[in-house]
Amino acid sequence: MWYKAKMQNDLFENKQTNDNDPRDITDSRDELNHAQFSAVTHGDGPVLVIAGAGSGKTRTLVYRMAHLIENNVPPESILLLTFTRRSAQEMMSRASSLTSQSCKRIIGGTFHATANMLLRRHGHHLGFGSGFTIIDRSDAEGIINLLKSSLGFAGAGKRFPSKRMIVNILSGAVNRVLPIEDLVHQQHPHLIEFLDDIYRLKEEYFQFKVNHGLMDYDDLLINWERLLKESKDARAEISSRFRHILVDEYQDTNLTQASIIKLMAYNHNNVMVVGDDAQSIYSFRGADFYNIMRFPDQFSGASVIKLEENYRSTQPILSLTNNIISSARDKFTKTLFTKVKGGSRPVLVPALNERSEARFIVETIKKHQQEGTDLCEMAVLFRSGFHSYKLEMELTSHGFKFEKRGGLKLTESAHIKDVLSFFRILTNPWDNLSWNRILLQLDKVGPKTAQKILESIKNSDSPVNALFSYKPASSWKVGYQRMLELLQNTGQENLTPSGQFDLIMEYYEPIFEKIYYDDYPRRKKELDQLKSVVAGYGDLQSFIDDTALDPPENISADELATNDDPKEQLILSTIHSAKGLEWDVVFVLGLAEGRFPHQNAVPGEQWEEERRLLYVAATRAKKLVYLSYPRELMTPDRKLRRAGMSPFLSEINPGFYEIRKPETPSYSASSYNSQESFSPKLPSRKKTSSARLQFKTGMKVHHPFFGPGRIKDVPGPRRVEVSFDRHGDKILHLDYAKLEPAE
DNA sequence: AGAACTATGTTTTTT
DNA sequence: ACATAGTTCT
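Quick note on my numbering: the first sequence kicks off at -7 and runs consecutively.
Written out as structure tokens, the structure is:
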């Protein structure tokens, strides 16, 4: 079979690789090494694959799926659990292309979406029957907000931990089955003084969810686990339906998820998990990388396979990333290596300030583009969403298209939440969070008035009737009655979800136009898209649950506005959202003291996780990585503060990188403080040796990245079109490209 | 006086 | 997008 042939090829042919041509890395990815081969062809029983970054973990899983299918395992009896839905889709399409048979019937997705789907198929709507609504983080923050005022925390101001932090603590405590006390002592020691308040919040938060039929991500998983634990029938049915369970990114699972996997496989133990402890970056969410170490205890007779060969990056990048992770306190040693030599050393960029950093990145991206790297083969990564603001400005002013990942999600934007809250009260009339949102839209109704109205329906058997009997004040009577009218109309039996959507829009549009008068058209387009999503659903409950778990990601504001080829877009991403992805050229920005590690991270476990985060960022690069930091940062009181480099950078052996200071003649210290717009004059550049050489059509050439090729055309004075043996045709700019004649 | 509205400053990471 | 402080409305 195909993988066997390739395997033998790899083992016996002793293939020669061109040391200066990193191109060969991608070639060798189509072959399996010995360890991968045994993982892929492993028979029944539990398998743990521990592997480093870029070692082909995911590829091993894909090949495993293809192998199972070639051996007549029905696709619908394979369950694939991944970290993101996108990765599940990608893996299934790759498996399909490897086999003649379709892999479409493989069940795959995130834990939460799968839990939701399985519970629904078992007739347990979320395990509780109907009337429950799954909430996401922004809802949880909303609840905390409501509770904070009712508990009298409003005046605590800045000293009180942020809502986000509280949500993290509460959900972390649930995930880990850890008392809040321990969690705060271990992870958030600076919040010890608020321990009592956090305890009260936890109680109130739990009560609020129970009273209003709300359920968060963790409740969903806990219900799934409970169902499997308590019902022998459910357990038997699921484990006989899914004969093979494959799990990606196992280091990011929590205890509940590990238990679920065990329960689902209880009568066959055909579980294969892949993971890397050095890439565990979700402990704040309850992920426990000791799950990996416990796997052999949990599944007796488990085979453990280590993948240590790296197929992604060049050796200079690996030397740097190995050096980063070697400072980690706890680690399970893996030494990554690649057979391929060559490649450029990582570049450390100390920039004067954030703007200089942004400009360096923009100029360098331009340079790589001119050398023939597509925009979609580059990415800029950072610790926190707002670190990229300066860069976004710079990119926009240079006319670059980019896609930012990890910022605000569509379902977190206000207008979508508004419309969804109408749907939510239709399936769950006790959902106070949504009522609150709807009432606040009314003119002359603020938090206090909304609260009063909600009080009156709190203990009512029929919230809708209670609202009808509430006496509105004259100033907002008209709007209130319009809302009640909508309730009556949407409550009719024979309406489809998309019919209800139309009614809701009829009511909401005037309000919507008033609130978002400045960018009304953009948001309107997104709502139209939402309607087409709604139209695909027969029942409302499924739609509500799915949008909470799995925001429809194909609705992207950028795509709608520009309708651009995604290949022409640069990716800006938080490191967390970049997990599992790879690019030729990666920039990591903001590696300054106080930004990376995050300011609130305390030495110990949290500090270690920040280090792994840098490791994950740097290992995304295939050919070249730039690590940059601004030496001046803006403090909260708008003063400039000197910042050193991140302590993680200082730990790196300087032999593993080269330093490149941005050429900054046009915005040196003197012009820095002025508000003048940037100078149109480009910084002077050193010309490469290629610029002086003469190239003619037909000439054989060699490029450090693209390898051997032949000149196809000379379209301009300093431009050549080269037809590369293995990279196709590229137009190169001789001022930038390091093109050399080949003998 | 209390509620609603407006302006201004800050923002960890997320299925 | 949210929190807070200051201002206007009822």
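All C-beta atoms, glycine included, are put in the ideal place defined by N, C-alpha and C.
Reference residue i; option with closest CA among the options
i	options	result
L616	A734, E369 and I503	E369
D717	V706, R711, R702 and G334	R702
L606	G586, V580 and G377	V580
N345	G582, K96 and E597	G582
P66	I135, N203 and R235	R235
F504	D537, L432 and G438	L432
D244	A279, R51, M264 and P308	A279
D188	P153, K221, L213 and D210	P153
L60	Q81, H34, T74 and S85	H34
F291	I316, T306 and A257	A257
R77	D174, D542 and Q362	D542
S47	D705, F392 and Y303	Y303
V341	T356, F414, K194 and P464	T356
A570	F374, V456 and I651	F374
F75	T50, T91 and S89	T50
Residue i vs residue j beta-carbon contact at 8 Å
i	j	result
Y191	I161	no
R129	V159	yes
Q28	L328	no
S380	K396	yes
N575	A613	The sequence shown places Trp at residue 575, rather than the Asn named in the question. In this structure, A613 lies closer than 8 Å to W575 by Cβ.
L522	V411	yes
V39	A31	yes
R227	L220	yes
L418	Y472	no
P622	E585	no
H568	L425	no
I644	L312	yes
A320	E600	yes
L72	I42	no
Y499	R474	yes
Extent of the continuous beta strand (DSSP E) to which residue i belongs
i	result
V372	M370 to F374
A43	V39 to A43
A613	A613 to P622
K298	S295 to L299
E760	For the chain, the structure presents residues -7 to 735; residue 760 sits outside this window and is missing.
W575	W575 to V580
E236	First, the residue type needs correcting, since residue 236 is His and not Glu in the sequence shown. Start and end: H236 to V239.
H695	K692 to H695
I99	I99 to G101
N341	It is worth fixing the name first, because residue 341 is Val in this sequence and not Asn. Segment V339 to A343, the beta strand (DSSP E) holding V341.
Simplified DSSP assignment, three categories, for residue i
i	result
Y508	coil
K679	Residue confidence for K679 is low, a pLDDT of 40 falling below 50, so the modelled location carries little weight; the figure read from the coordinates is stated next. Coil, per DSSP.
N6	Confidence in N6 is poor, its pLDDT being 34 and thus under 50, which makes the residue's placement unreliable; the coordinate value appears in the next sentence. It is coil, neither helix nor strand.
T482	helix
E668	Confidence at E668 is low in this model, with a pLDDT of 30, below 50, so the placement of that residue should be treated as unreliable; the coordinate-derived value is given next. Reduced to three states, the DSSP call for E668 is coil.
T76	coil
A553	The pLDDT assigned to A553 is 43, lower than 50, so where the model puts this residue is not dependable, and the model offers no usable value.
D289	helix
I723	strand
P700	strand
A734	coil
R112	helix
S658	At S658 the pLDDT is 43, less than 50, meaning the model places this residue with poor confidence; the figure from the coordinates comes in the next sentence. If DSSP states are grouped into helix, strand and coil, S658 belongs with the helices.
D19	Only weak support exists for where D19 lies, its pLDDT of 37 falling under 50; the coordinates are left without a value.
T91	coil
D225	helix
F588	coil
Range covered by the alpha helix (DSSP H) that runs through residue i
i	result
Y197	L187 to N203
D174	I172 to Q179
D210	Y209 to E222
H59	K49 to E62
E355	E346 to Q362
L367	Element bounds for L367: n/a, residue is neither H nor E.
K333	Counting along the chain, K333 falls outside any alpha helix (DSSP H), and DSSP gives it neither H nor E.
T248	L247 to M256
R652	No alpha helix (DSSP H) holds R652; DSSP gives it neither H nor E.
I536	L532 to L541
F716	Run containing F716: none in the alpha helix (DSSP H); it sits in the beta strand (DSSP E), R711 to F716.
L605	E597 to A610
Whole beta strand (DSSP E) runs in the stretch 419 to 446 with 3 or more residues, listed along the chain?
When DSSP assignments are scanned along the stretch 419 to 446, no uninterrupted stretch of beta strand (DSSP E) that is 3 or more residues long falls wholly within it.
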